[in-house]
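Chains as they are written, first to last, in the numbering used here: chain A, 470 to 597; chain B, 92 to 402; chain C, 421 to 651.
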């Protein structure tokens, strides 16, 4: 129910799912240790290939975002993400660059841009 | 046990001077959902017919479920369900009677599936086939295919006559039964959005030749449209840059791999890259088949096959 | 399952043919109830009706049995079923042939019983004006011809992919054979046997067997053509 994909977009479906799960976790819609729908259920609901969902789940599990308990299902991970800090920083950088470029194009000052980011962070569950 | 449900080697069919299918090399992995795209007359139906022994190849060979299509047809049919492009069946029989007719051929027949899917797809089971609408006739075919308990489903334009809701239901059923039973689905379609939803692998055919065969995720991950502005922009095509459309000092490049690298190179030569856009399957398909002159054979996606996806 | 389908396709025709087989003799007998006609002309009428019924039904069954399977519209469905194409050819042939046999048997039985009712021997005209035109041999020859016509029409219908085309071709071929036979006989005094006539100096029994063999060869040819057909 939480997820919606656009198959016609240029972004592969599995990446869309990964992004949405991460977003949901960050926004608090998915809590720690909460169960995720099974591969078949999610694939059926979204009308997509179950292997696509499986791929997204596998990637997220490798990153430590979710974990699978055999016989019980898939859950949002309780512990800390498994990736190295340097890798996590590296992954965020393109988004940071985009904000910087866009903000500059729109003629906003550095302070205004930073304020915006602060606001968004405070809206997220994780930081409240 | 081969890893491929379907494989062809230089499969060719010529009708006199017309080459319907030329040197086709297909690889359909077991358990995959594989979409087969192409314009009308591209050779999709002829290829499918050759896989099923309804048409004899001029040269080349094909293997289905590990068996040779020219010698082991009966064994292939035991495990393969086929929905033809022409959705015609015995006009005087009702779907119920058609089920009765088909059941006797297959030891793997699933009566529960008949019950479930006939209700899900809303098929009038006691009406004569010739009195059914196009959509319902197609649904009968799909029902017979799903109930057969086959290891491989070969579907030629399965959803063409279906309304969007029924097509949607059918796709869900297809994907679900594929994963439940581990069967392979090979289907040709004009509905690119549907292929995009459920196919894991995609193949594009045009004028009898294979243009592209790869994992859909890889295609979307690699293919990019690059728009650049500059004075002396390169105009040659290559295996990396499939097409170039120039308009004054602006060029659009259809790039199949390492788009970032190509964009960086353009930037180094003094051009301004305004966009590196990812593409949906429809746009990719149109670019591939619209290209002038036509894409030469040799699998435009050959390099993609090698990199991250191994069949 | 395929057997069931062949039966289902032909069952109403079969009922009609049975009626055609069973009615003529009783009707004729009833019409001539108060005359002596039945004694003199009975066997002749019986033989003639047998020949006509069995021949007509043979052609009709061959046209019907072949027509629905081998039109291209359902070939994609049938020929992707896990049975050889030869199986489909022979099964539909056997269903039609069995029905033909039953129709012939019914006709023989009814005629024989009707004539026996009047004390007339069915298979020979041994009455005062005996011409010896009626004999068991004539019945057998009629049956052989019907068998031949059935197989040939069936085979041509399968090869030409249409029941009516098969019928037309078969009748045309027969007419051609008869015409050629007559011409050869008159012009060069060569005797070209037409089924179910005796072949050369072979004993009659062997000739009839030869015609039956030839008939089966037609069906075999049809099988080979269908196996190689592209749809």
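A virtual CB, placed ideally from N, CA and C, is assigned to each residue, including glycine.
Every value quoted in this text rests on a predicted model; they were computed, and no experiment measured them.
Shown in chain order are the members of the segment 117 to 149 of chain B whose Cβ falls below 7 Å from a Cβ of chain C: 143, 145, 146 and 147. Under the Cβ distance rule, residue 245 of chain B does not count among the residues neighbouring chain A, no pair being separated by less than 9 Å.
The Cβ of residue 228 of chain B sits no closer than 9 Å to any Cβ of chain C. Counting only Cβ-Cβ distances below 7 Å, residue 169 of chain B has contacts in chain C at 502, in chain order. Rounded to whole angstroms, the Cβ separation of residue 133 of chain B and residue 297 of chain B is 5 Å, and the two are in contact under 8 Å. Taking the Cα positions, residue 117 of chain B is about 12 Å away from residue 151 of chain B. The criterion of a C-beta distance shorter than 9 Å is not satisfied by residue 310 of chain B and residue 277 of chain B. The three-state secondary structure of residue 197 of chain B, taken from DSSP, is coil. Among the bridge pairs identified by DSSP, residue 364 of chain B is matched with B:319.
DSSP places residue 421 of chain C in no alpha helix (DSSP H); its state is neither H nor E. Within the segment 507 to 534 of chain A, the residues whose Cβ lies closer than 9 Å to some Cβ of chain B are 508, 509, 512, 513, 514, 515, 516, 517, 518, 519, 520, 521, 523 and 524, listed in chain order. Taking C-beta atoms under 8 Å as the contact rule, residue 635 of chain C and residue 566 of chain C fail to qualify, at a distance of about 10 Å. If you draw a straight line from the Cα of residue 258 of chain B to the Cα of residue 228 of chain B, it comes to about 13 Å.
Counting only residues of its own chain and dropping the five nearest sequence neighbours on each side, residue 186 of chain B has a CB closer than 6 Å to the CB of 214, 216 and 231. Cβ neighbours of residue 515 of chain A within its own chain (closer than 7 Å, five residues either side excluded): 472 and 474.
At least one beta carbon of chain A lies nearer than 9 Å to the beta carbon of residue 372 of chain B.
Here residue 242 of chain B is buried: its Cβ has 16 or more other Cβ atoms, across all protein chains shown, within 10 Å. Taking one beta carbon from each stretch, the segment 593 to 610 of chain C and the segment 506 to 513 of chain C have fewer than 3 pairs nearer than 8 Å; the two do not touch.
Burial is judged here by how many other beta carbons sit within 10 angstroms of a residue's own beta carbon; residue 482 of chain A has at least 16 and is buried.
Around residue 483 of chain C, the same chain offers 573, 577, 583, 584, 586 and 587 as residues with beta carbons nearer than 8 Å, after the five sequence neighbours per side are excluded. Within the same chain, Cβ atoms closer than 6 Å to the Cβ of residue 178 of chain B are found at 228, 229 and 232, the five residues on either side in sequence being excluded.
Contacts with chain C at 9 Å (Cβ-Cβ) do not include residue 283 of chain B.
For residue 262 of chain B, a Cβ of chain A is located within less than 9 Å of the residue's own Cβ. Our two residues, residue 271 of chain B and residue 122 of chain B, have alpha carbons roughly 10 Å apart in a direct line. Interface annotation, residue 194 of chain B: in contact with chain C, CB-CB separation under 9 Å. Residue state for residue 591 of chain C is assigned as helix, using DSSP reduced to three classes.
At a cut-off of 9 Å, the C-beta of residue 628 of chain C has no neighbouring C-beta in chain B. Rounded to whole angstroms, the gap between the alpha carbons of residue 558 of chain C and residue 421 of chain C is 38 Å. By the Cβ neighbour-count rule, residue 427 of chain C is exposed, with fewer than 16 other Cβ atoms within 10 Å of its own. If you draw a straight line from the Cα of residue 290 of chain B to the Cα of residue 140 of chain B, it is about 21 Å long.
In the three-state reduction of the DSSP assignment, residue 259 of chain B falls in the helix class. Counting of Cβ neighbours within 10 angstroms places residue 629 of chain C among the exposed residues, the total staying below 16. Here residue 118 of chain B is bridged, per DSSP, to B:98.
Collapsing the DSSP output to three states places residue 472 of chain C in a helix.
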